[in-house]
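Going line by line, the protein sequences match chains A and B.
All the letters of the first sequence, read from the start, carry residue numbers 1 to 195 under my numbering.
All the letters of the second sequence, read from the start, carry residue numbers 196 to 390 under my numbering.
One structure below.
Protein chains: 2
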Amino acid sequence: MGREVTSLQKRILGFISESIADRGFPPTVREIGARLRIASPGSVAFHLKALERLGLLERTAARSRGLAPVESPLRVPILGRAGAGPGPIAVEDVEGWLNLDRSAGRGAHFALRVRGESMTGAGILDGDMALVRRQEAAEHGDIVAALVGEDGVIKRLRRGAAGWFLSSAHPGYPPITGAFAIMGKVVGILRHYEA
Amino acid sequence: MGREVTSLQKRILGFISESIADRGFPPTVREIGARLRIASPGSVAFHLKALERLGLLERTAARSRGLAPVESPLRVPILGRAGAGPGPIAVEDVEGWLNLDRSAGRGAHFALRVRGESMTGAGILDGDMALVRRQEAAEHGDIVAALVGEDGVIKRLRRGAAGWFLSSAHPGYPPITGAFAIMGKVVGILRHYEA
DNA sequence: TTGACTAGTGTACATTTGTACACTAAACTA
DNA sequence: TAGTTTAGTGTACAAATGTACACTAGTCAA
Chain A
1 MGREVTSLQK
11 RILGFISESI
21 ADRGFPPTVR
31 EIGARLRIAS
41 PGSVAFHLKA
51 LERLGLLERT
61 AARSRGLAPV
71 ESPLRVPILG
81 RAGAGPGPIA
91 VEDVEGWLNL
101 DRSAGRGAHF
111 ALRVRGESMT
121 GAGILDGDMA
131 LVRRQEAAEH
141 GDIVAALVGE
151 DGVIKRLRRG
161 AAGWFLSSAH
171 PGYPPITGAF
181 AIMGKVVGIL
191 RHYEA
Chain B
196 MGREVTSLQK
206 RILGFISESI
216 ADRGFPPTVR
226 EIGARLRIAS
236 PGSVAFHLKA
246 LERLGLLERT
256 AARSRGLAPV
266 ESPLRVPILG
276 RAGAGPGPIA
286 VEDVEGWLNL
296 DRSAGRGAHF
306 ALRVRGESMT
316 GAGILDGDMA
326 LVRRQEAAEH
336 GDIVAALVGE
346 DGVIKRLRRG
356 AAGWFLSSAH
366 PGYPPITGAF
376 AIMGKVVGIL
386 RHYEA
């Protein structure tokens, strides 16, 4: 079995992601075969085994549809230059894929709604969702979720002469130099515009 | 069949989401039964039918694992006030669930990487991903992805005395009053902090 | 007291499904 | 020339799987 993914294998992986995005569940071996004109289930199994070996696919043995692309199944095409007009998106316009990462659901992350204007200078607005990876420490300059008394806040962690402190990114908000506990590091910001 | 979801049905829906988050694919009728101590597959089917009828579950008939919760399977807990320390997140701290919506993958959306500082005043930074819903028109005040010549840009759509134009949100960037085509409306912003 | 609804058991069955095996064939490499 | 890799067909089979059906039982409202 090869060390590099073939174009057919890429198409198989793409079809699996497409199936998950469209229907909510992965295809069967035979559904893959039907789409990619592979008549024999054994031949599809061969490619799935190769994809698993290459670390591009997780499989659950002997389970129907036991396929999970390692790159998230929630993929949105990232457009490069053009891509005008309605209709399907042309393949040549797709620069890559945005993965809304499935690993975020695995317990290591949580979300915190941002309250107030104290971080607008860093592009974090009131109402944004901060995606936080739980960890007890962070580095100078990281944006973190911290617990100050009873309140969870989103601030930038800094180290000064007097030790660690939390700084805001908006005029009029003084740094927090008192006691605080780090809940985790902010790894992403998600904002939703209504309607 | 009832008009309201029962607590058992909620647990079934939760288990389906859990299965997808953990393994990448939904459970079978019998797997649901095994987890929730329902011995008969017919009984599980009864609840799945009820969930479908209530609009909480999409089903693909006669397909193994043909289950897709309407609320996205990619769920991250949103914490309310407390929730400090390591370890599992306490149920009483969870304010709700952030759904990284599966519908985003269904062809109606694409992503565009934001280039430049022209929208920093609206909290949209260089390098952010804009999640765009494809549509040909938008309303006054909407943030849109538009095509100006060959370039895709993220701007705020406005209507003035002289007609529609695109405005930036940063000093020194003049409005775009020439020809442009709307590619879609920006429905979300996703930012990823590395490491 | 009848009906509707929730909740369940047990059985049955036709398909679906993953996997295994034997075999073929082209392209490339050592 | 022999071996490896990619790519495929066809067949077979046990197990998994969705669905259907007949039946039971408790609760609650009309």
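Glycine included, every Cβ here is placed at the ideal spot set by N, Cα and C.
Within 9 Å of chain B by C-beta, residues of the region 49-71 of chain A in sequence order: 58, 60, 63, 64, 65, 66, 67, 68, 69
Sequence-distant residues of its chain with Cβ nearer than 6 Å to residue 368 of chain B (five each side left out): Taking the second sequence and counting its residues from 1, the one referred to as residue 368 of chain B is at position 173. Excluding residues within five positions, the ones whose Cβ falls inside 6 Å are 313.
Where residue 346 of chain B falls: helix, strand or coil (DSSP): Walking along the second sequence from the start, residue 346 of chain B turns up at place 151. Note: residue 346 of chain B maps to strand in three-state DSSP.
Simplified DSSP assignment, three categories, for residue 263 of chain B: The residue labelled residue 263 of chain B in the question sits at position 68 within the second sequence. Residue 263 of chain B: strand per DSSP, three-state reduction.
Beta carbon proximity, residue 310 of chain B to chain A, threshold 7 Å: As a first step, residue 310 of chain B is located in the second sequence; it is residue number 115 there, counting from the start. Judged by the 7 Å Cβ criterion, residue 310 of chain B is not in contact with chain A.
Neighbour-count burial assignment, residue 49 of chain A, 16 or more Cβ in a 10 Å radius: Residue numbering aside, residue 49 of chain A sits at position 49 when the first sequence is read from its first letter. Residue 49 of chain A comes out exposed.
Of the listed residues A:146, A:35, A:184, nearest to residue 166 of chain A (C-alpha basis): As a first step, residue 166 of chain A must be located in the first sequence, where it is residue number 166. It is A:146.
Test: residue 232 of chain B CB closer than 7 Å to a CB of chain A: Sequence index remark: in the second sequence, residue 232 of chain B carries index 37 (1-based). Chain A, which has no Cβ nearer than 7 Å to the Cβ of residue 232 of chain B, makes this no.
Residue ranges of each beta strand (DSSP E) within the region 114-170 of chain A, 3 or longer: 129-134, 143-148, 151-160, 163-167
DSSP-derived helix/strand/coil call for residue 215 of chain B: Numbered from its first residue, the second sequence carries residue 215 of chain B at position 20. Correct three-state label for residue 215 of chain B: helix.
Residue-level contact to chain B via CB, residue 191 of chain A, 7 Å cutoff: Taking the first sequence and counting its residues from 1, the one referred to as residue 191 of chain A is at position 191. Yes - at least one Cβ of chain B is within 7 Å of the one on residue 191 of chain A.
Three-state secondary structure (DSSP) of residue 58 of chain A: Position 58 of the first sequence, counted from the start, is the residue given in the question as residue 58 of chain A. Correct three-state label for residue 58 of chain A: strand.
CB contact check: residue 373 of chain B to chain A, cutoff 7 Å: In the second sequence, counting from the first residue as 1, residue 373 of chain B sits at position 178. No, residue 373 of chain B lies away from the interface with chain A (no Cβ there is under 7 Å from its Cβ).
Contacts of residue 382 of chain B in chain A (Cβ-Cβ under 8 Å): Here residue 382 of chain B refers to the residue found at position 187 when the second sequence is read from its first residue. Per Cβ cutoff of 8 Å: 192, 193.
Per-residue contacts from residue 318 of chain B into chain A (C-beta, under 8 Å): By 1-based counting over the second sequence, the position of residue 318 of chain B is 123. The answer, in chain order, is 120, 123, 124, 125, 128, 191.
Residue 211 of chain B and residue 262 of chain B closer than 7 Å at C-beta: Numbered from its first residue, the second sequence carries residue 211 of chain B at position 16. Numbered from its first residue, the second sequence carries residue 262 of chain B at position 67. It is a contact, given that the beta carbons lie within the stated cut-off.
Any chain B beta carbon closer than 7 Å to residue 23 of chain A: As a position in the first sequence, residue 23 of chain A is number 23, starting the count at 1. So, interface residue.
Per-residue DSSP class, three states only, for residue 239 of chain B: Here residue 239 of chain B refers to the residue found at position 44 when the second sequence is read from its first residue. It is helical.
C-alpha gap between residue 237 of chain B and residue 202 of chain B, whole angstroms: Reading the second sequence from its first residue, position 42 is the one you call residue 237 of chain B. Reading the second sequence from its first residue, position 7 is the one you call residue 202 of chain B. One C-alpha to the other measures close to 18 Å.
Residues near residue 305 of chain B in its chain [Cβ-Cβ closer than 6 Å; skip 5 each side]: Counting from 1 along the second sequence, the entry for residue 305 of chain B is found at position 110. Only 327 meet the Cβ criterion.
Between the CA atoms of residue 221 of chain B and residue 247 of chain B - distance to the nearest angstrom: Here residue 247 of chain B corresponds to residue number 52 of the second sequence, with the count starting at 1. Here residue 221 of chain B corresponds to residue number 26 of the second sequence, with the count starting at 1. When rounded, the distance between both Cα atoms is 15 Å.
Nearest-angstrom Cα separation, counted from residue 257 of chain B out to residue 381 of chain B: Here residue 381 of chain B corresponds to residue number 186 of the second sequence, with the count starting at 1. Here residue 257 of chain B corresponds to residue number 62 of the second sequence, with the count starting at 1. So the two alpha carbons sit approximately 37 Å from each other.
Neighbour-count burial assignment, residue 366 of chain B, 16 or more Cβ in a 10 Å radius: The sequence position of residue 366 of chain B within the second sequence is 171, counting from 1. So residue 366 of chain B ends up on the exposed side.
Host beta strand (DSSP E) of residue 195 of chain B (start-end): Chain B is shown only over 196 to 390; residue 195 of chain B falls outside these bounds and no answer can be derived.
Any chain A beta carbon closer than 7 Å to residue 370 of chain B: For this step, residue 370 of chain B is matched to residue 175 along the second sequence. With 7 Å as the cut-off, residue 370 of chain B does not count as an interface residue toward chain A.
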